C-alpha cells in the first residue's frame, strides 16, 4: 500500500490531511506522518507521526506544505532519497540551484497548480512555441501582504490603507523573494510558460504585479498571456484560508486532488 508523508502540518498541511480522510479510511494510502519544525507545537500529531528525515524518506510520496525556505532545504534531500515530491511552495523554483536540485531525481517532482487554473493551456501553448509574454496581477487583502522586511511605517500604512494600491511590480524571482508566502502562483505561471526550454526562460516571460486592497474578501489572480498561439486571459478569485490569510483555501484542495491523481496513476 502506498504511503504519504508531509513536510509541515500547519494550515495547509492539516487541511490536506483532512481532505484525504476518505482515502486514508479506505486504505488507499497510509499516512506516515509529518516533519515539522516544532513537534511539541503539534499535539494533533501522535508521537509516531512526528517524523524525522529518515521517516520522511520512507514514504512513497512526500507533500511539501511548509513554505519556500523549507522546500529549498528539504526538497532536494527528498528527491535524492527516492520518494516522489509534490510541491506547494512553487516559488522555490525561482532559485536556479534549488530548481536544478529538485529536478535531479531520482524521485519525481511535481509542482502543484495551487490556487489558479489555466496552466495546462499555457503549458501546451508554450511547448508549441506560442507564448512570448505573460503578466499576473495578484490582488490580496492589504494586511495579509505585511512582510518582516518592511519598516514600521510601511506595515502601518498597509494595515490602514483605505483604497486599493499597487504595491509591487517585477519578476517572479523578485516577487517570491519579497512576498514568499503570497505569490507562489507567479512562479507557477513561469513554469507553465517555459515550454520545452529551461525554467529561467519561462520566468523571463512573466511580469508580476501585486495590488494591496483594504476591503477585498478574495485573493484575485488575473493572468494574461500572448504569442503566436493566441491571446489568453484568466481571472480567479479565491477565498483566503481563514487560518492563513496569505494563502487560498483552495491550495490544500488542489494538493488533495493531485494526491488522488498520483494514487490513480500507480499500477494496481
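Residue numbers (the working numbering): 10 to 277. All C-beta atoms, glycine included, are put in the ideal place defined by N, C-alpha and C. The structure presented is a predicted model; accordingly, all values stated were derived computationally and were not measured.
| Would you report the Cα separation of residue 270 and residue 38, rounded to the nearest angstrom? | 12 Å
| message | Using a Cβ-based criterion (distance less than 7 Å to any ligand heavy atom), does residue 36 qualify as near the ligand ZN? | response | Inclusion of the ligand ZN in the displayed structure is not the case, the ligand content being empty and no account of it being possible.
| If you follow the alpha helix (DSSP H) that residue 105 is part of, which residue opens it and which one closes it? | 105-111
| query | Is residue 83 buried or exposed, if buried means 16 or more other CB atoms sit within 10 Å of its CB? | reply | buried
| message | Please tell me whether residue 44 and residue 63 are closer than 8 Å, where the distance is taken between their beta carbons. | response | no
| request: Enumerate in chain order the residues of its own chain whose CB-to-CB distance from residue 68 is below 8 Å, with the five nearest sequence positions on each side excluded. | output: 12, 13, 14, 41, 92
| query | For residue 198 versus residue 131, is the C-beta distance shorter than 8 Å? | reply | yes
| query | Looking at C-alpha atoms only, which residue of 196, 203, 162, 85 is the closest neighbour of residue 123? | reply | Checked all of 196, 203, 162, 85; the closest Cα to residue 123 is 196.
| said: According to DSSP, simplified to helix, strand and coil, what is residue 229? | reply: DSSP, reduced to helix, strand and coil, places residue 229 within a strand of the structure shown.
| said: With three or more C-beta pairs closer than 8 Å as the rule, is the segment 156-176 touching the segment 211-222? | reply: yes
| task | Would you mind stating whether residue 210 and residue 203 have Cβ atoms separated by less than 8 Å? | result | Judged by their CB atoms, residue 210 and residue 203 are nearer to each other than the 8 Å cut-off.
| field | Boundaries (first-last residue) of the alpha helix (DSSP H) holding residue 208 | value | 208-213
| DSSP state of residue 53, grouped into three classes? | coil
| said: Nearest by alpha-carbon distance to residue 9: which of 153, 102, 33, 118 is it? | reply: Because the chain in this structure spans residues 10 to 277, residue 9 falls outside the shown range and cannot be described.
| request: Please classify residue 57: is it buried, with 16 or more other beta-carbons within 10 angstroms of its beta-carbon, or exposed? | output: Flag for residue 57 reads exposed.
| Neighbour-count burial assignment, residue 252, 16 or more Cβ in a 10 Å radius | Exposed, because fewer than 16 other Cβ atoms sit within 10 Å of the Cβ of residue 252.
| Grouping DSSP H, G and I as helix and E and B as strand, with all else coil, what is residue 96? | The three-state reading of DSSP puts residue 96 in strand, counting E and B together.
| Would you report the Cα separation of residue 18 and residue 237, rounded to the nearest angstrom? | 43 Å
| query | Excluding sequence positions up to five away, which residues of its chain have a Cβ less than 8 Å from the Cβ of residue 275? | reply | Within the same chain, and ignoring the five residues on either side of residue 275 in sequence, the residues whose Cβ sits closer than 8 Å to its Cβ are 11.
| field | Rounded separation between residue 76 and residue 193 - CA only | value | 9 Å
| query | Thinking C-beta only, is residue 51 closer than 8 Å to residue 59? | reply | yes
| Same chain only: Cβ atoms within 7 Å of residue 114, ignoring 5 sequence neighbours per side | 88
| request: Could you say which of 126, 65, 246, 229 lies nearest to residue 16 if we only look at CA atoms? | output: Across the set 126, 65, 246, 229, the C-alpha of 65 shows the shortest separation from the C-alpha of residue 16.
| What alpha helix (DSSP H) runs, 4 residues minimum, are completely inside the segment 161-202? | 161-168, 181-187, 193-201
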